[in-house]
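*Asks:*
2 protein chains.
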Amino acid sequence: MRRPSIRTQLLKGTTPLLVLTVLRDGELYGYEIAQRIRERSGGAFAPSEGSLYPALHALEAEGALQADWRESDKGPKRRYYRITDKGGALLAEHEAEWASFARGVARTVAGPTNA
Amino acid sequence: MRRPSIRTQLLKGTTPLLVLTVLRDGELYGYEIAQRIRERSGGAFAPSEGSLYPALHALEAEGALQADWRESDKGPKRRYYRITDKGGALLAEHEAEWASFARGVARTVAGPTNA
DNA sequence: TTCCTCTACCTCCTAATGCGAGGTAGATCC
DNA sequence: GGATCTACCTCGCATTAGGAGGTAGAGGAA
Chain G
1 MRRPSIRTQL
11 LKGTTPLLVL
21 TVLRDGELYG
31 YEIAQRIRER
41 SGGAFAPSEG
51 SLYPALHALE
61 AEGALQADWR
71 ESDKGPKRRY
81 YRITDKGGAL
91 LAEHEAEWAS
101 FARGVARTVA
111 GPTNA
Chain Z
116 MRRPSIRTQL
126 LKGTTPLLVL
136 TVLRDGELYG
146 YEIAQRIRER
156 SGGAFAPSEG
166 SLYPALHALE
176 AEGALQADWR
186 ESDKGPKRRY
196 YRITDKGGAL
206 LAEHEAEWAS
216 FARGVARTVA
226 GPTNA
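Chains as they are written, first to last, in my numbering: chain G, 1 to 115; chain Z, 116 to 230.
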């Protein structure tokens, strides 16, 4: 009954934040998004395809992302995603939530003695 | 189909960390644990009973917590929990995981420009 | 040609878990 | 008796990360 790693549970809910974050700096296609997240997190996160693609589709359905297919000269077609205004607002919301959440954890873990 | 708040998803996986943290400073019973978490988080977290009690039972089953029933002079019996050595180790693990995770998010969200 | 590999997309299923709703009981007060 | 508060508990739903498996194009090797 190995528990499925603490990390996996902590990750829940952060995928939209991470995806929107890397797309803030320009359009990318799926694989690239995963790579960027891996790079920028310093290797801490490596989203699996099974979680990344569904998340992208959900964000697109929500209107947070816009996407189109493009040919590649060296492989299959790619689906490029870019962030919309709505996505920008959602990103801000996610950032705020994350900040408040992380602050809450820090405060709780921090000290036994706090008023 | 309102999405169930970002916060609810972020919370996943943090309950053991929060519970073990407040118990590090002394034994408490269920309701008290919830109150302490609420206080210490500055109101950011207010674990529901539906998530708190199952989490306590799981931690106890894992050997991270030890518990016993005691009478109260002003209400129903209470179940007091205290942290074991194993629980201390688990807490350390959760703290480390959290720290690394939060660092990863911070790094990713931080800057478009990082090597 | 045929085969293998790499890129790039996708979906199904399982496991974990927070939460709301609902339920049991003791104690106190009107 | 009835209401209310404390304190415990469980059930079922919804969300979501991940692994496994599947499709398909392009390029190189045998």
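Beta carbons: idealized from backbone N, C-alpha and C, even for Gly. Nothing here was measured: the structure is a model prediction, and the numbers come from that model.
#1: Which term fits A230(Z), buried or exposed, when burial requires 16 or more other beta carbons within 10 angstroms of its beta carbon?
#2: Any contact between the region 180-188 of chain Z and the region 196-215 of chain Z? By contact I mean 3 or more CB pairs, one from each, below 8 Å.
#3: Just verifying my parser: in three-state terms, what is the DSSP assignment at R79(G)?
#4: Can you name the residues that DSSP bridges to D183(Z)?
#5: So G104(G) and A159(Z) are in contact, right, with Cβ under 8 Å, and what is the actual spacing, rounded?
#6: Opposite Y29(G) in the DSSP bridges: which residues?
#7: Would you say L167(Z) faces chain G, with C-beta separation under 7 Å as the test?
#8: Is DSSP giving P16(G) helix, strand or coil here?
#9: R70(G): which of L11(G), V22(G), T21(G) and Y29(G) sits nearest, CA to CA?
#10: Contact between the region 206-225 of chain Z and the region 33-43 of chain G is defined here as three or more beta-carbon pairs at a separation below 8 Å; is this criterion met?
#11: Thinking V137(Z) and R151(Z) are a contact (beta carbons under 8 Å), I'd like their distance in whole angstroms, please.
#12: Taking K12(G) and G128(Z) to be in contact with their CB atoms under 8 Å, please state how far apart those CB atoms are, rounded to whole angstroms.
#13: So with Cβ pairs under 7 Å, would you call I83(G) a contact of chain Z?
#14: Taking only beta-carbon atoms, is R193(Z) less than 7 Å away from chain G?
#15: Counting only Cβ pairs nearer than 8 Å, list the residues of chain Z close to H94(G).
#16: Just the Cα atoms here: how many angstroms apart are P54(G) and R153(Z)?
#17: Would you call H172(Z) buried or exposed, if buried means 16 or more other Cβ atoms sit within 10 Å of its Cβ?
#18: Less than 6 Å between C-beta atoms, sequence neighbours within five positions excluded: which residues of the same chain meet that for L90(G)?
#19: With a threshold of 8 Å on Cβ separation, who are the neighbours of A46(G) within its own chain once the five nearest residues in sequence on each side are excluded?
#20: DSSP three-state label for R117(Z), please.
#21: Counting only C-beta atoms, is G145(Z) closer than 7 Å to chain G at any point?
*Replies:* On the basis of the data shown:
#1: As a first step, residue 230(Z) is located in the second sequence; it is residue number 115 there, counting from the start. Because the pLDDT at A230(Z) is just 46, under 50, the model does not fix this residue reliably, and the point stays unresolved.
#2: yes
#3: Position 79 of the first sequence, counting from 1, holds the residue named residue 79(G). Three-state DSSP puts R79(G) in a strand.
#4: Indexing the second sequence from 1 puts residue 183(Z) at position 68. According to DSSP, which records beta bridges pairwise, D183(Z) is partnered with Y195(Z).
#5: If you number the first sequence from 1, residue 104(G) lands on position 104. If you number the second sequence from 1, residue 159(Z) lands on position 44. Confirmed, Cβ separation roughly 3 Å.
#6: Working through the first sequence from its first residue, we reach residue 29(G) at position 29. For Y29(G), which the question treats as bridged, DSSP gives the partners Y80(G).
#7: Within the second sequence, the letter at position 52 stands for residue 167(Z). No, L167(Z) does not count as interfacial toward chain G.
#8: In the first sequence, counting from the first residue as 1, residue 16(G) sits at position 16. Correct three-state label for P16(G): helix.
#9: Here residue 70(G) corresponds to residue number 70 of the first sequence, with the count starting at 1. If we check each option's Cα against that of R70(G), Y29(G) comes out closest.
#10: yes
#11: Position 22 of the second sequence holds residue 137(Z). Position 36 of the second sequence holds residue 151(Z). Sure, about 4 Å apart at Cβ, within 8 Å.
#12: Locating residue 12(G) in the first sequence gives position 12, where the first residue counts as 1. Locating residue 128(Z) in the second sequence gives position 13, where the first residue counts as 1. Confirmed, Cβ separation roughly 7 Å.
#13: Within the first sequence, residue 83(G) is the residue found at index 83, counting from 1. Judged by the 7 Å Cβ criterion, I83(G) is not in contact with chain Z.
#14: As a position in the second sequence, residue 193(Z) is number 78, starting the count at 1. No, its Cβ sits nowhere closer than 7 Å to a Cβ of chain G.
#15: Sequence index remark: in the first sequence, residue 94(G) carries index 94 (1-based). By Cβ distance, chain Z contributes I121.
#16: To locate residue 54(G), count along the first sequence from 1; it is residue 54. To locate residue 153(Z), count along the second sequence from 1; it is residue 38. Using only the alpha carbons, I get a separation of about 34 Å.
#17: Here residue 172(Z) corresponds to residue number 57 of the second sequence, with the count starting at 1. The residue in question, H172(Z), is exposed, as its Cβ has fewer than 16 Cβ neighbours within 10 Å.
#18: The sequence position of residue 90(G) within the first sequence is 90, counting from 1. Answer for L90(G): A64, listed in chain order.
#19: Residue 46(G) sits at position 46 when you count from the first residue of the first sequence. Closer than 8 Å at Cβ, skipping near neighbours: A34, I37 and R38.
#20: In the second sequence, residue 117(Z) corresponds to position 2, counting from 1. Below a pLDDT of 50, predicted positions are generally treated as unreliable, and R117(Z), at 49, falls in that range; no measurement from the model is reported.
#21: Within the second sequence, the letter at position 30 stands for residue 145(Z). So, not an interface residue.
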